[in-house]
Structure formats: structure tokens, C-alpha cells
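Visitor: Have a look at the structure that comes next, please.
Number of protein chains: 2
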Amino acid sequence: MMDTSDNKAAVVLLSGGLDSATCLAIAAKRGFRCYALSVNYGQRHSSELLAAQRVAKAFSAELKVVNLDLRTFGGSALTDDIDVPEEEVEGIPVTYVPARNTIMLSLALAWAEVLEAGDIFIGVNAVDYSGYPDCRPEYVNAYEEMANLATKAAVVGHRLTIHTPLIDLSKAEIIQRGSELGVDYGMTVSCYQADEQGSACGVCDSCRIRAAGFEAAGVVDPTRYQSA
Amino acid sequence: MMDTSDNKAAVVLLSGGLDSATCLAIAAKRGFRCYALSVNYGQRHSSELLAAQRVAKAFSAELKVVNLDLRTFGGSALTDDIDVPEEEVEGIPVTYVPARNTIMLSLALAWAEVLEAGDIFIGVNAVDYSGYPDCRPEYVNAYEEMANLATKAAVVGHRLTIHTPLIDLSKAEIIQRGSELGVDYGMTVSCYQADEQGSACGVCDSCRIRAAGFEAAGVVDPTRYQSA
């Protein structure tokens, strides 16, 4: 599967959430032919993956879903039977999935190598999610450094770039940028405990950050809530 | 799952081959309580995984097998329908799996984080497999650097070490070291196209390197061959 068009290929990690949808819109706007990658890491609900399908289709991106059951290891409220917290928490959230971004970037790297793509996009954000170690710029830089020693492309001198277009943006700025690019956020699901239709709980950490983002951005919140 | 014994926990990547079996023996000898991790990345045969089970049991290591079908991406003779070459090849072998060590180390990192283990062992070797970019010391060092920025442990200042005890050893030296440590190489499978009983083809790249290693080490080769 070689790059046969004039557009450069890029692999874009896509969760079905608000951030990664915006990240895909930015990659497409920059002229990349986008290959979207979702990792099904044993989430409690499949509504995120359905959201990823809708978002990929909206931006004409090929979507691949890799099944990788991280429940094998345990250690997160997203994949274990720990309760999702309903109020703000200090430090690293219990919804943190061990090594999640490292694993997702590694899968993106494998696909990029097969596609001969030199660009990977990930919608990490250091503002709202500062509790996650693998969302920090120094982590992403170290990952890029490692990736450039890991692959055949690196051996023949092709540089691989990890793009993090959202890393310095607030949630409100992400929503404003995505709205300018035509992202329909009604297609996205951010909630940690969305129901099968993708309706949000409205009380988890992710729901609170998302709702505050729409309010601060001055953009009408298209989220469907379970109580509505 | 906390470390409750006096021994420090280590995650050891285990393929069922000769190198990773030796690596596990070395980790056990150094006093680590070993957690063995095998990745079932859509190999053509399951005999490697059966070998991993035998080896893990021999060294009293808990074994977890993670299913991750890399055939989704294509790009390797080990997971695609490309023929395995039967003579020596220049450069990067077609049996190279894209980003394999990066993915395997990332899964080990996730389990290490849950176990609160600060040590990961991987049996990469830069001598016989110099065609693989992700077997080189500079790659492993960059991975370790990245891993130390990726996890909760890193945030609280616990150092993570990636151990590569085989990296500078020839195949003969690996076999000598393992034999001293009591590894029964009859339990291991190196062949790229072993049959279901784990009998080797005797002609692929991996079989040739293995047979030459036993000869150079002056150790009787316990490999069962399909023609035998």
C-alpha cells in the first residue's frame, strides 16, 4: 500500500472524542491524505468506536480499528471495575490507562512504516490533561526521537514527525479551531461512561471539561446527555 | 497486583525462541521475580506460543499472552503471505515486523506500570540481527529515555531500566550462557515456519543462524527438524 497520490500520507490517532476529531480535521486541512487509527483497548462501551467511524467518514479517512485488550494487565478505571470518579481529582486520574499513548503511537508507527508515511498526528493536550504523563511535550519529543531510530525509514534517512497540533490549546481553543474547520462535535463522544447511543453522563471528569469548553468557546454544545 | 515478595519484579518479553528463553534465565538468575509477556501478533504458527508456555513454566514465571493482530497493517513475511526466504539476504530481512520491538516494549511498559516494576528485559541482539533497526543499542537507549517520561512511576521519580543482556553476544555466546543457566533449548522454537509440533524447517534464516550457533558453541543441537 504505497502513497500513490500527490498528497502525503499521515496516520492520525482517532478515539471518537472531541480532541482527536479536531486533530484529524487539522491534518486534513494541512493537505495530508489521512489514515485514521482507533485502538479498541477493552473500553467499557463501544460508542467511542462508532463515533470514530462517523468522524473518519466525515473527513474521507480510511479507518482501521486494532483490538488490543489492555484489561489483561488491569490498572485503570476505564478498563477495570474501579468506579469512574464524579468530582475533580488531584494528580494522575484513575481513568489513566497504563502506557496508553506509548502503545497507540507504537501501533501508529507500525502502520506508518507499512504506508511509508512520515507523519503521525495525535491529539494530546497538556492543558486540560496535565495529570497524564504521556501528554507532555517532553514525552512526545522523546517518543519522536526513539521512533526515528526504530524503523526501516529511519535507517534510510527518512525523518518521522509526531504532530501534536492541540498540545498548547485550551479545550475552548480546540473547539473554536475545530468549529472553523467544520467539525460536527455532535458526532463525537467524550464521556467515560456514555451509553450505547453515545449519550453522555454529564458528571464524569471528561464531561465536565467538555461542557466547560463549549461554554468558554461560546459555541453551542451539541452533546446529547443521558438525562435529556 | 503489588510486589509483595522480597524479590524485585521484572517484565520479561518471551517469544518462545532461543534468545528470549536465555534472557528469562538471566533475569531469574539475577534474582528478579519474572513476569513473562508474549505477544501473539498474528504469527503463522502457534508453536512459538506453546514454547513460551514451556519456558515460562521452567523458570516459574507468570505468563501473559496479549493478542494483537498486526496483519491489520500488513508489511511482513511473518504475518503476510510473502514467502519466507531460504537463503541469506542483505539489509533488512523481509521477515521484519513493522515496529515490533517498539510495540512489544510498550506492552511490557504497561504491565510494568501496573506491577510497579522498574525493570524490563528484552532479548534483542545486535550481532546476528543487525538488519533490524529496533535491535540496536541506540534504539534501546532512546526507548528507555522515552519510557522514563511516559509513566506515573516516572512522574514520582522511579527509574525504569530496559535490560538487554544479549545485545553484544554472538549466537554461540548466547547458547553457552543459557546452557550454563540450565536452559533446555529443546523447549524453544526459532524457526520462521515451524510445524504445529514445533519442528523446524532447517532452511530459513532463523534455522541457519541457530544451527550455526550450536555448532560454534560446541553444544549439541536439540532442535527437532521436520525432515528428521
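In the order they appear, the protein sequences are chains Y and W.
Counting from 1, one number per residue, gives the positions in the first sequence under our numbering.
Counting from 1001, one number per residue, gives the positions in the second sequence under our numbering.
Ideal placement from N, C-alpha and C gives every residue a C-beta, glycine not left out.
Note down, in chain order, every chain Y residue with its Cβ under 9 Å from the Cβ of Pro1222 of chain W.
Guide: In chain order: nothing, as chain Y lies at least about 32 Å away.
Visitor: So what's Cys1207 of chain W in DSSP terms, helix, strand or just coil?
Guide: helix
Visitor: Tell me which same chain residues have a C-beta within less than 6 Å of the C-beta of Ala217 of chain Y, skipping the five on either side of it?
Guide: Ala172, Ile175, Gln176
Visitor: Where does Phe73 of chain Y fall in DSSP's three states?
Guide: coil
Visitor: Can the beta-carbon of Leu1014 of chain W be found less than 8 Å from the beta-carbon of Ala1052 of chain W?
Guide: yes
Visitor: Determine the DSSP secondary structure at Leu149 of chain Y, reduced to helix, strand or coil.
Guide: helix
Visitor: What are the boundary residues of the alpha helix (DSSP H) that includes Ala1126 of chain W?
Guide: Here Ala1126 of chain W belongs to no alpha helix (DSSP H), and DSSP marks it neither H nor E.
Visitor: Classify Gly186 of chain Y as buried or exposed, calling it buried when 16 or more other Cβ atoms lie within 10 Å of its own Cβ.
Guide: Exposed, since its Cβ has fewer than 16 Cβ neighbours within 10 Å.
Visitor: Pull up the CB-CB distance for Pro133 of chain Y and Ala1150 of chain W, whole angstroms please, since I reckon it's below 8 Å.
Guide: 6 Å
Visitor: Among W:Leu1160, W:Ala1126, W:Glu1180, which has the Cα closest to the Cα of Gly1170 of chain W?
Guide: With the sequence shown as reference, residue 1170 of chain W is identified as Ser, and Gly is not the correct amino acid for it. Considering only alpha carbons, the answer is W:Ala1126.
Visitor: Does the beta carbon of Lys1064 of chain W sit closer than 8 Å to a beta carbon anywhere in chain Y?
Guide: yes
Visitor: With a cut-off of 8 Å, does the C-beta of Ser106 of chain Y fall near any C-beta of chain W?
Guide: Taking 8 Å as the CB threshold, Ser106 of chain Y lines the interface with chain W.
Visitor: For Ser20 of chain Y, does the three-state DSSP call read helix, strand or coil?
Guide: helix
Visitor: On a CA-only basis, which of Y:Gly118, Y:Glu116, Y:Asn7 is nearest Gly31 of chain Y? Give me that one, please.
Guide: Y:Asn7
Visitor: Thinking C-beta only, is Ser38 of chain Y closer than 8 Å to Val189 of chain Y?
Guide: no
Visitor: Going by beta-carbon coordinates alone, are Thr164 of chain Y and Ile122 of chain Y separated by less than 8 Å?
Guide: Less than 8 Å separates the beta-carbon of Thr164 of chain Y from that of Ile122 of chain Y.
Visitor: Of the choices W:Gly1157, W:Ile1120, W:Ala1108, W:Thr1223, whose alpha-carbon is the least far from that of Ala1194 of chain W?
Guide: W:Thr1223
Visitor: Would a check of beta-carbon distances place Ala1010 of chain W closer than 8 Å to chain Y?
Guide: no
Visitor: For Lys57 of chain Y, return the contacting residues in chain W, with the cut-off set at a CB-CB distance below 7 Å.
Guide: Listed along chain W is no residue with a C-beta nearer than 7 Å to that of Lys57 of chain Y; the closest approach is about 19 Å.
Visitor: Roughly how many angstroms separate the alpha carbons of Met1002 of chain W and Leu1068 of chain W, rounded to a whole number?
Guide: Low confidence applies here, because Met1002 of chain W scores a pLDDT of 46, under 50, leaving its location unreliable; read the following figure in that light. When rounded, the distance between both Cα atoms is 26 Å.
Visitor: Are the beta-carbon atoms of Ala238 of chain Y and Ile120 of chain Y separated by less than 8 Å?
Guide: Only positions 1 to 228 of chain Y appear in the structure, and residue 238 of chain Y is not among them; the question remains open.
Visitor: Taking the DSSP output, what are the residues bridged to Cys1034 of chain W?
Guide: W:Ala1010
Visitor: Using the beta-carbon count (16 or more within 10 Å), is Leu78 of chain Y buried or exposed?
Guide: At Leu78 of chain Y, the pLDDT of 49 sits below 50, so the modelled position is not reliable; the number obtained from the coordinates is stated separately. Buried, because 16 or more other Cβ atoms sit within 10 Å of the Cβ of Leu78 of chain Y.
Visitor: Kindly indicate if chain W contains any beta-carbon less than 8 Å away from that of Pro98 of chain Y.
Guide: Yes, its Cβ sits closer than 8 Å to a Cβ of chain W.
Visitor: Could you tell me if Val220 of chain Y is buried or exposed, where buried requires 16 or more neighbouring beta carbons within 10 angstroms of its beta carbon?
Guide: exposed
Visitor: Looking at Asn141 of chain Y and Arg159 of chain Y, is the spacing between their C-beta atoms short of 8 Å?
Guide: Against a cut-off of 8 Å, the Cβ pair of Asn141 of chain Y and Arg159 of chain Y comes out as no contact.
Visitor: Along chain Y, in chain order, which residues have C-beta atoms closer than 9 Å to that of Asp1134 of chain W?
Guide: Leu149, Ala150, Thr151
Visitor: Would you mind telling me which residues of chain W sit closer than 7 Å to Ala110 of chain Y, beta carbon to beta carbon, in chain order?
Guide: Leu1070, Phe1073, Pro1098, Ala1099, Ile1103
Visitor: Does the Cβ-Cβ distance between Leu49 of chain Y and Val65 of chain Y come in under 8 Å?
Guide: yes
Visitor: In whole angstroms, what separates the C-alpha of Leu1024 of chain W from that of Val1124 of chain W?
Guide: 12 Å
Visitor: Compare the C-beta of Ala1142 of chain W against all C-beta atoms of chain Y and say whether one is closer than 8 Å.
Guide: For Ala1142 of chain W, at least one C-beta of chain Y is nearer than 8 Å to its own C-beta.
Visitor: Once DSSP output is grouped into helix, strand and coil, what is the label at Glu1196 of chain W?
Guide: coil
Visitor: Any idea what DSSP makes of Glu1062 of chain W, helix, strand or coil?
Guide: Here Glu1062 of chain W sits in strand by DSSP.
Visitor: Look up Ile122 of chain Y in the DSSP assignment and say whether it is helix, strand or coil.
Guide: Ile122 of chain Y sits in coil when the DSSP states are folded into three classes, being neither helix nor strand.
Visitor: Please name the residue or residues paired with Thr1161 of chain W in a DSSP beta bridge.
Guide: Thr1161 of chain W pairs with W:Asp1119.
Visitor: When we look at the beta-carbon of Ser1060 of chain W and count the other beta-carbons within 10 Å, is it buried (16 or more) or exposed?
Guide: With fewer than 16 other Cβ atoms within 10 Å, it is exposed.
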